[in-house]
Ligand code: GLN
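Residue numbers (the numbering used here): 3 to 380.
In structure tokens, the structure reads:
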């Protein structure tokens, strides 16, 4: 095997595997999270205009001035655009830049499972030690004692993701206050992955950086792809105190230097959309969420309705399969629907074996057709 030791346990990402299987079986792909509808015209036009206007060379490495200003202006806290914002090739690059820029070999990093799969791969590339805390099914509960025990004097960072992929949980104020209390006590950095911040369907999203004393230890991560249905543009960013930003930029400059310039310019236009865009966006996703949750329940899945994101994690055990991978293989071959087997998002708990993740960032007609096909399970 030629793969370096730091990556040999990872193999191909679950998203690539199951998108390929979807294509091979001509299945409805509710696996990898990307919309099957197009981006809004005003966002596409802004990118075309930027190309025509000659925005075609490298940008400033930390981000085009127009975009970093739009990011700072639309963030919930006063932010210095030039010193605190870093634009990257999607949030997956931000995660890598944050970890490689700030974490030393042997440092402990707390990761809440189920987790976005790149967290552990990046920690492995950095030589860090992951400390896992489980959100317990069926309601994906965070247990205070378990979180307390995960912290030690070696804790460098905790990665928090809310709204949470794949459970759809939106952490409430007391959960965030507990994380803030422990991070402060152990002088840990909080990496707050908030790429689904505009996809809160029930409840309220509280950016952890806005809690008292937290701005100085929090790196907030956001992205364009989910909000404007442009996941292929790969535009993400971090907002962090200057001392962390310098470290993030140090890694970012050697990985990609900068993301595509015209797409950054278009992103600045998109971020300044009127409030009505976001209200309409949330309303549409609420309809999609309710449709898939009702549909899955009618077929026989046990479902904890997601409060946010465009994912639902459903319990498939009523159908009698031994694990998530065999269930997902049956789904694609017999029903023509792809879901993600979530054991890829677990390291400690076996909860993932009884679950399947469906993405509902799809047109209403696609979702109805998928539910119809799933009737085949009954
Ligand atoms: N965030 C997406 C998901 O969870 C996948 C992103 C990717 O494939 N890099 O489906």
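Virtual Cβ for every residue (Gly too), placed ideally from N, Cα, C.
All values reported here derive from a predicted model rather than from experimental measurement.
*Is it the case that the Cβ atoms of residue 263 and residue 57 are separated by a distance below 8 Å?*
yes
*Is the segment 364-379 close to the segment 293-304, with three or more CB pairs under 8 Å?*
yes
_Checking the sheet assignment: what are the DSSP bridge partners for residue 315?_
359
*Leaving out five residues before and five after residue 17 in sequence, what residues of the same chain have Cβ atoms less than 6 Å from its Cβ?*
34
*residue 235: first and last residue of the uninterrupted alpha helix (DSSP H) it sits in*: That residue, residue 235, is in no alpha helix (DSSP H); it is neither H nor E in DSSP.
*In whole angstroms, what separates the C-alpha of residue 162 from that of residue 194?*
5 Å
*asked:* In whole angstroms, give me the CA-to-CA distance for residue 355 and residue 326.
replied: 5 Å
*Determine the direct distance from the alpha carbon of residue 221 to that of residue 155, and round the result to whole angstroms.*
20 Å
*Any chance the CB of residue 170 is under 7 Å from a heavy atom of the ligand GLN?*
no
_Cβ-Cβ distance between residue 102 and residue 127 below 8 Å_ = Yes, the Cβ-Cβ distance between residue 102 and residue 127 is below 8 Å.
*If we ignore side chains and look at the alpha-carbon of each, how far apart do residue 339 and residue 333 end up?*
6 Å
*Helix, strand or coil: how does DSSP classify residue 226 here?*
coil
*Relative to the C-alpha of residue 40, which residue among 349, 234 and 261 is closest?*
For residue 40, the nearest C-alpha among the options comes from 234.
*Determine the closest residue to residue 178 out of 63, 28, 134 and 214, with distance taken between C-alpha atoms.*
214
*Straight-line gap, residue 140 to residue 293 (C-alpha atoms, nearest Å)*: Roughly 20 Å separates the two Cα atoms.
*Between which two residues does the alpha helix (DSSP H) containing residue 180 stretch?*
175-187
*Touching or not, the segment 250-260 and the segment 275-292, by the rule of three or more beta carbon pairs under 8 Å?*
no
*Quick one: is the Cβ of residue 118 within less than 7 Å of any heavy atom of the ligand SAH?*
Ligands displayed in this structure: the ligand GLN; the ligand SAH is not among them.
*Mind checking residue 353: buried by the 16 CB within 10 Å criterion, or exposed?*
buried
_With H, G and I counted as helix, E and B as strand and the rest as coil, what does DSSP make of residue 162?_
strand
_Which of helix, strand or coil DSSP assigns to residue 91_ = strand
*Counting Cβ pairs closer than 8 Å, one from the segment 79-90 and one from the segment 112-132, do we hit at least three?*
no
_Assuming residue 371 is part of the alpha helix (DSSP H), what are its boundary residues?_
366-376
*Could you check where the alpha helix (DSSP H) with residue 349 kicks off and where it finishes?*
Unbroken run through residue 349: none, as it is neither H nor E.
*Is the segment 310-330 touching the segment 198-205 in the sense that three or more CB pairs, one from each, lie closer than 8 Å?*
Short answer: they touch.
_At a cut-off of 7 Å, would you count residue 17 as near the ligand GLN, judging by its Cβ distance to the nearest heavy atom?_
yes
*asked:* To test your reading of the DSSP string, which unbroken beta strand (DSSP E) runs of 3 or more residues are found completely within the segment 45-104?
replied: 87-91
_Three-state class that DSSP yields for residue 310 in the structure shown_ = Three-state DSSP puts residue 310 in a strand.
*Run of the alpha helix (DSSP H) containing residue 245, from where it starts to where it stops*: 244-257
*asked:* At the level of alpha carbons, what is the spacing between residue 32 and residue 314?
replied: 10 Å
*Applying the criterion that 16 or more other CB atoms from any shown protein chain within 10 Å of the CB defines a buried residue, is residue 350 buried or exposed?*
exposed
*Helix, strand or coil at residue 132 according to DSSP, with G and I counted as helix*: strand
*Where residue 137 and residue 359 are concerned, what is the direct C-alpha to C-alpha distance, given to the nearest angstrom?*
15 Å
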